[in-house]
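Novice:
In our numbering, the protein residues as written are 1 to 65.
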């Protein structure tokens, strides 16, 4: 986990497949070109833009067979 913005509910987390944003229960991929090094340099404004433009990934629903 890299950073938490206190006044916003946004976290930058280092996951298994690279860094991502977590906001209000949704996970947001950081666009290509903003890899692990760039993730450490993201500002609150950058994170808000990602949250506004990227569709969140959710938990996958599984069905029993």
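Where a beta carbon is used, it is the ideal one built from N, C-alpha and C, also for glycine.
Computed from a predicted structure; not experimentally measured.
So, helix, strand or coil for residue 29, using DSSP?
Specialist: The answer is strand: DSSP assigns residue 29 an E or B state.
Novice: With residue 21 as the anchor, note down where its beta strand (DSSP E) starts and where it stops.
Specialist: Start and end: 18 to 23.
Novice: Alpha helix (DSSP H) containing residue 54: first to last residue?
Specialist: Counting along the chain, residue 54 falls outside any alpha helix (DSSP H), and DSSP gives it neither H nor E.
Novice: Suppose you measure from the CA of residue 55 to the CA of residue 28; what does that come to, to the nearest Å?
Specialist: Spanning the two alpha carbons is a distance of roughly 7 Å.
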